[in-house]
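Asks: Numbering (this note's numbering), first residue to last: 23 to 266. C-beta: ideal position from N, C-alpha, C; glycine also.
1. Can you grab the Cα-Cα spacing for the pair residue 76 / residue 149, in whole Å?
2. Go through its chain and collect everything with a Cβ distance to residue 252's Cβ below 7 Å, but skip five positions before and after it.
3. In the DSSP assignment, find the beta strand (DSSP E) that holds residue 206 and state where it starts and stops.
4. Under 6 Å Cβ to Cβ from residue 239, same chain only, skipping five residues before and after it: list those, please.
5. Any beta carbon from chain B within less than 7 Å of residue 126's own beta carbon?
6. With DSSP as the reference, please indicate the residues paired to residue 268 in a beta bridge.
7. Based on the DSSP secondary-structure assignment, which residues constitute the bridge partners of residue 279?
8. Take residue 152 and list the residues in its own chain whose beta-carbon comes closer than 6 Å to its own, dropping the five residues that flank it on each side.
9. Per DSSP, residue 143 is paired with what?
10. Could you name the residues of the same chain whose beta carbon sits closer than 6 Å to that of residue 106, not counting the 5 residues immediately before and after it, in chain order?
11. From the DSSP output, in three-state form, read off residue 257 for me.
12. Once the 5 residues before and after residue 186 are set aside, which same chain residues still bring their CB inside 8 Å of it?
13. In angstroms, rounded to a whole number, what distance separates the CA positions of residue 161 and residue 256?
14. How about residue 183 and residue 163: are their beta carbons less than 7 Å apart?
15. Looking only at its own chain, which residues have a Cβ that is under 7 Å from the Cβ of residue 48, when we skip the five neighbours before and after it?
16. Determine, using beta carbons only, whether residue 243 and residue 254 come nearer to each other than 7 Å.
17. In the DSSP assignment, what residue or residues form a beta bridge with residue 108?
Have a look at this one:
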């Protein structure tokens, strides 16, 4: 009888031990599973941060390492144009300036180029490295029509002198016919000055009311009538290399 009781107690103890062990193992499994999930979450967060950092670095390099621009988008025909270039690596770099008629090449270009346009129209700047187009930029060269309208004739009082020209802009190959009406001034005492972008032509004592001018430079030309050192009439014209 006593032997049966002992056996029952031993079996009960073993049963309780088995239950307790199962509970402990289950808790350990849950704890391990939680640790794995947390580790995976941390790894994913690290990967996300790394991706963002890489993306930002790429954007930063593009923004600071590759800049191509001019000071404005529209220029007059006689204006000097500064082309600004900021490239971190100029090895095998080539800059191309493209007009309607010509293509200019600059190998290993400096940070700043100065260019004087010889044609009106659309211009494009393209930057290449090892034959691959990296970026481009566009601007326009034109005639300042507003300035022409505002300055073609001044001092329009009665009996004032006049400069008569058939139009306001000419091709470089054209001959410019200039007619002069001296008005109240003695024509022989009036001189005429023609100011081009690079040179000024002066004719002392006009003997004829009609003159011929053969332009040699592209750009803005100012024609002035001068009497005793005073400008008594001005007219503005443009000389270009593209017809309108």
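Replies: Inspection of the coordinates gives the following:
1. Taking the chain shown and counting its residues from 1, one reaches residue 76 at position 54. Taking the chain shown and counting its residues from 1, one reaches residue 149 at position 127. With a pLDDT of only 26 at residue 76, under 50, the local geometry of the prediction cannot be trusted, and the value read off the model is given with reservation. Taking the straight line from one Cα to the other gives about 25 Å.
2. For the purposes of this step, residue 252 is taken as residue 230 along the chain shown, with counting starting at 1. The answer is none, since no qualifying residue turns up.
3. For the purposes of this step, residue 206 is identified with residue 184 of the chain shown, where counting begins at 1. From DSSP, residue 206 is part of no beta strand (DSSP E); its letter is neither H nor E.
4. In the chain shown, the residue the question calls residue 239 occupies position 217. Excluding sequence neighbours, residue 239 sits near 218, 219, 220.
5. The question asks about chain B, but that chain is absent: this structure has only one protein chain.
6. No answer is possible for residue 268: the residues shown for the chain start at 23 and end at 266.
7. Only positions 23 to 266 of the chain appear in the structure, and residue 279 is not among them; the question remains open.
8. As a position in the chain shown, residue 152 is number 130, starting the count at 1. Taken in chain order, the residues that qualify are 114.
9. Working through the chain shown from its first residue, we reach residue 143 at position 121. DSSP lists 163 as partners of residue 143.
10. Position 84 of the chain shown, counted from the start, is the residue given in the question as residue 106. Taken in chain order, the residues that qualify are 91, 134.
11. As a working mapping, residue 257 is identified with position 235 in the chain shown. It is a strand residue.
12. Here residue 186 refers to the residue found at position 164 when the chain shown is read from its first residue. Correct list, in chain order: 200, 201, 202, 203.
13. For the purposes of this step, residue 161 is taken as the residue at position 139 of the chain shown. For the purposes of this step, residue 256 is taken as the residue at position 234 of the chain shown. One C-alpha to the other measures close to 30 Å.
14. Indexing the chain shown from 1 puts residue 183 at position 161. Indexing the chain shown from 1 puts residue 163 at position 141. Cβ atoms of residue 183 and residue 163: not closer than 7 Å.
15. In the chain shown, counting from the first residue as 1, residue 48 sits at position 26. The predicted model places residue 48 with a pLDDT of 45, which falls under 50 and marks its position as unreliable, so this point remains unresolved.
16. Taking the chain shown and counting its residues from 1, the one referred to as residue 243 is at position 221. Taking the chain shown and counting its residues from 1, the one referred to as residue 254 is at position 232. Taking 7 Å as the Cβ cut-off, residue 243 and residue 254 do not qualify as a contacting pair.
17. The residue you call residue 108 lines up with position 86 of the chain shown. Paired residues: 89.
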